[in-house]
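Here's the structure we're looking at; comments come further down.
Numbering (UniProt numbering), first residue to last: 1 to 126.
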């Protein structure tokens with residue numbers, strides 16, 4: 001900005017992300033939204049991470065009901081994009097992980113939880 005005026009905060013999301021008047025973005029302490037709890041486990045669900053974009057280190061977490069639960073039949077597939085508005089968090093956050101575990105066993109489906117690039121780090125010029 002000209003004249004040495006410091007940019008002002010236009011939007012503030014719980015102090016975790018701030019959008020400034022000059023278009024820049026400031027990220028705060030993400031630990032505010034995190035817990036130190038280990039990832040939950042749900043009996044009857046198997047899961048693993050599969051790399052799908054090596055250049056960006058992106059993975060998809062695949063949740064599958066155990067064969068004893070699924071009964072050997074074909075299963076529907078649910079593609080899940082975690083919350084965070086394409087700006088925050090990861091598919092590995094305990095609350096998203098727990099949701100996918102429960103969904104896989106309760107609806108007897110393969111659940112794909114997709115890791116994606118955050119828009120503030122990888123913007124597209126218009």
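Glycine included, each C-beta is placed from N, C-alpha and C at the ideal position.
Just so you know, these numbers come straight off a predicted model, no measurement behind them.
Excluding five sequence positions before and after residue 78, the CB atoms of its chain that fall closer than 6 Å to its own CB belong to 109, 111, given in chain order.
In the three-state DSSP reduction, residue 65 falls in the strand class (E or B).
Of the residues 81, 104, 8, the one whose Cα lies closest to the Cα of residue 59 is 81.
Measuring C-alpha to C-alpha distances from residue 93 to each of 57, 106, 17, 114 identifies 114 as the nearest. Approximately 17 Å separates the beta-carbon atoms of residue 44 and residue 76; this is outside 8 Å, ruling out the contact. Secondary structure of residue 8 (DSSP, three-state): coil. Assignment of beta-bridge partners to residue 116 by DSSP yields no partner.
The beta-bridge partner set that DSSP reports for residue 74 is empty. Only residues of its own chain outside the window of five on either side were considered, and among them 18, 20 have a CB closer than 7 Å to the CB of residue 9, listed in chain order.
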